[in-house]
Amino acid sequence: MSTKNQYTPSSSTSGGNPVDPRILSFFTTFYAASDNPKSIEEWTNEYFKDNAQLTMGTKKAQGSDEILALRKANWAGPVKTRNHIIHQIYPFGTGPKDGLDVFLNGIVEYGLHNGKTVTLEWSAKAVFVEDSKAAHGIKFSFYHVYLDSAPLTAAAQG
Numbered sequence: 183m184s185t186k187n188q189y190t191p192s193s194s195t196s197g198g199n200p201v202d203p204r205i206l207s208f209f210t211t212f213y214a215a216s217d218n219p220k221s222i223e224e225w226t227n228e229y230f231k232d233n234a235q236l237t238m239g240t241k242k243a244q245g246s247d248e249i250l251a252l253r254k255a256n257w258a259g260p261v262k263t264r265n266h267i268i269h270q271i272y273p274f275g276t277g278p279k280d281g282l283d284v285f286l287n288g289i290v291e292y293g294l295h296n297g298k299t300v301t302l303e304w305s306a307k308a309v310f311v312e313d314s315k316a317a318h319g320i321k322f323s324f325y326h327v328y329l330d331s332a333p334l335t336a337a338a339q340g
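According to my numbering, the sequence shown holds residues 183 to 340 in order.
Right, here's the structure in full:
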């Protein structure tokens, strides 16, 4: 494992537009919550707008209730532990509002209830909106995670 905090991403610039520092801070705490099975409600309420769209692989959710249900189902399945490591965050666009759209990538290591471990590469597109009541001043309005879950499914079955 890297010696730097796994939740502290590197960032790149796009057209001279750096990643908004709130986004870097957001992802640091978001993935810490993502890897904690006791943070399901926090994960949903603190990081997603009430009407946010979430896609994780082939699973889709719209709004807080569906996002919460999806998250609970993710922890009720074969996965016992998660460990996300963010590699890079890339901003889209050149203006201040455009800087709230980012693409990121990394790996996630799953520890399964059957004792197996699976590491997958993932990438995601995130769109943020301003939210003055949120801890970081922003929340997801859209978050789409791209990953091939076939190795995870195979390890859980085997």
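Each residue gets a CB set at the ideal place from its N, CA and C atoms; glycine is no exception.
### Query
Taking the C-alpha atoms as reference points, what is the distance between E344 and E248?
With the chain represented from 183 up to 340, any question about residue 344 goes unanswered, as that position is not in the structure.
#### Entry: Cut-off 7 Å between Cβ atoms - residues of its own chain near F337, not counting five sequence neighbours on either side
Locating residue 337 in the sequence shown gives position 155, where the first residue counts as 1. The identity of residue 337 in the sequence shown is Ala, whereas the question assumes Phe. L294, K298 and V300, listed in sequence order.
### Query
How is the beta strand (DSSP E) around F322 delimited, first residue to last?
Within the sequence shown, residue 322 is the residue found at index 140, counting from 1. Counting along the chain, the beta strand (DSSP E) containing F322 begins and ends at I320 to Y328.
#### Entry: Cβ shell of S305 (< 6 Å), same chain only, five flanking positions each side left out
Your numbering for residue 305 matches position 123 in the sequence shown. Correct list, in chain order: N287 and Y328.
### Query
Can you name, in chain order, every residue of its own chain whose Cβ lies under 7 Å from the Cβ of H326, other than the five neighbours on each side?
Here residue 326 refers to the residue found at position 144 of the sequence shown. Result list for H326: T237, A306 and K307, in chain order.
### Query
Which partner residues does I268 have in the DSSP bridge list?
Taking the sequence shown and counting its residues from 1, one reaches residue 268 at position 86. Its beta-bridge partners are G288.
#### Entry: Host beta strand (DSSP E) of D232 (start-end)
Here residue 232 refers to the residue found at position 50 when the sequence shown is read from its first residue. Segment F230 to M238, the beta strand (DSSP E) holding D232.
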